[in-house]
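The next block holds one structure in the form of structure tokens; read it before the comments.
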Amino acid sequence: MIEVVDFHKCYGQQVAASGISFDVQPGQVLGLIGPNGAGKTTTMRAIAGINPPSKGTLRVAEFDVQKQPLETKRRLAYIPDDPQLFTELTVAEHLAFVASAYNVSDAEKRIDSLLIQFDLRNKVNDRVGDLSRGMRQKLAICCGYIHDPQAILFDEPLTGLDPKGIRVLKESIHQRAQQGSAVVISSHLLAMVEDTVSHVLILDKGQQKFFGPVEEVKANFANGGVAVSLEEVFFQATAEVAAV
Ligand code: ATP
56 MIEVVDFHKC YGQQVAASGI SFDVQPGQVL GLIGPNGAGK TTTMRAIAGI NPPSKGTLRV
116 AEFDVQKQPL ETKRRLAYIP DDPQLFTELT VAEHLAFVAS AYNVSDAEKR IDSLLIQFDL
176 RNKVNDRVGD LSRGMRQKLA ICCGYIHDPQ AILFDEPLTG LDPKGIRVLK ESIHQRAQQG
236 SAVVISSHLL AMVEDTVSHV LILDKGQQKF FGPVEEVKAN FANGGVAVSL EEVFFQATAE
296 VAAV
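Residues in the sequence shown are numbered consecutively from 56, following this note's numbering.
As structure tokens, this is what we get:
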């Protein structure tokens with residue numbers, strides 16, 4: 056569903072991604088992890104067609120992100136860590152606008168069910184600019200889900216959500232994956248995403264350190280046969296090798 060082949064991205068002299076290759080199949084949830092500046096957002100923005108690769112191929116539902124941008128965008132949702140919303144619209148107007156942009160036929164029904172799921176029904180007539188940060192995050196998620204995307208990219212989605220919001224989001228990710236979506240989620244809150252992801256991609260300074268099923272990555276970094284947490288995997292995979 057999502058395919059990245061030999062992705063490179065340079066910003067001038069800065070190499071943000073170098074030779075990254077992975078795929079996410081329907082039903083899989085990929086955890087994109089790595090330290091600050093590892094290249095996580097760069098990779099997601101390239102899949103979303105926001106910034107072009109310096110080299111490499113990216114595909115969504117077998118459509119080339121560069122050559123068939125509309126086909127890929129129709130099937131994709133990208134929920135960034137700082138969603139840019141239309142602050143002057145109400146919550147209802149915002150969702151209706153996004154639904155019409157994606158030509159969603161049963162918009163009213165979908166909007167209603169998303170508002171209930173993400174606990175926003177009592178904010179439906181509020182101006183988006185007057186929402187709290189967590190509420191804006193929930194609205195951005197609803198906007199991402201409204202057209203039933205086949206590929207969903209979340210950049211740091213847990214930040215700002217309350218515990219109930221985190222639970223609802225995680226349940227919704229499971230549900231969407233079960234229905235056949237391919238999901239990518241970047242997060243520094245490893246303990247919180249550990250039970251959500253089926254696969255892991257570890258990046259560090261633009262380099263791919265590991266890609267595979269979460270159980271495989273844990274076995275790979277196991278300590279004397281004892282399974283380790285995703286957090287421990289992170290520290291081992293991104294450890295600086297001391298100079299001698
Ligand atoms: P974080 O965990 O802090 O969000 P990240 O893994 O998402 O980090 P990126 O935002 O992809 O990291 O950045 C990767 C590298 O690319 C960093 O060195 C960053 O400074 C650089 N970079 C990102 N965007 C730009 C840009 N627009 N212009 C120049 N350099 C950039």
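From the three backbone atoms N, C-alpha and C, an ideal C-beta is built for every residue, glycine too.
query	result
Limits of the unbroken alpha helix (DSSP H) element including residue 259	That residue, residue 259, is in no alpha helix (DSSP H); its beta strand (DSSP E) goes 254-259.
Length of the line joining the Cα atoms of residue 155 and residue 144	14 Å
Beta-carbon separation (whole angstroms), residue 195 vs residue 140, contact threshold 8 Å	7 Å
Outcome for residue 259 when other beta-carbon atoms lying within 10 angstroms are tallied against a minimum of 16	buried
Buried/exposed call for residue 160, threshold 16 Cβ in 10 Å	exposed
Proximity of residue 269 and residue 255 at Cβ, strictly below 7 Å	yes
Alpha carbon of residue 162 to alpha carbon of residue 294, nearest angstrom	48 Å
Every unbroken beta strand (DSSP E) inside the stretch 73-128 [3 residues or more]	84-88, 110-115
Residue 63 to residue 177 span [Cα, whole Å]	45 Å
Inter-residue spacing [alpha-carbon to alpha-carbon] between residue 65 and residue 120	18 Å
Local Cβ density within 10 Å of residue 274, reported as buried at 16 or more and exposed below that	exposed
Three-state secondary structure (DSSP) of residue 184	helix
Any non-hydrogen atom of the ligand ATP within 6 Å of residue 71 CB	yes
N-terminal and C-terminal residue of the beta strand (DSSP E) that residue 58 is part of	57-66
Strand pairing of residue 283, partner residues [DSSP]	Paired residue(s): none; residue 283 is not in a bridge.
Counterpart residues of residue 262 in DSSP-defined beta bridges	259
Distance, residue 188 Cα to residue 289 Cα	28 Å
Beta-carbon spacing of residue 241, residue 207 below 7 Å	no
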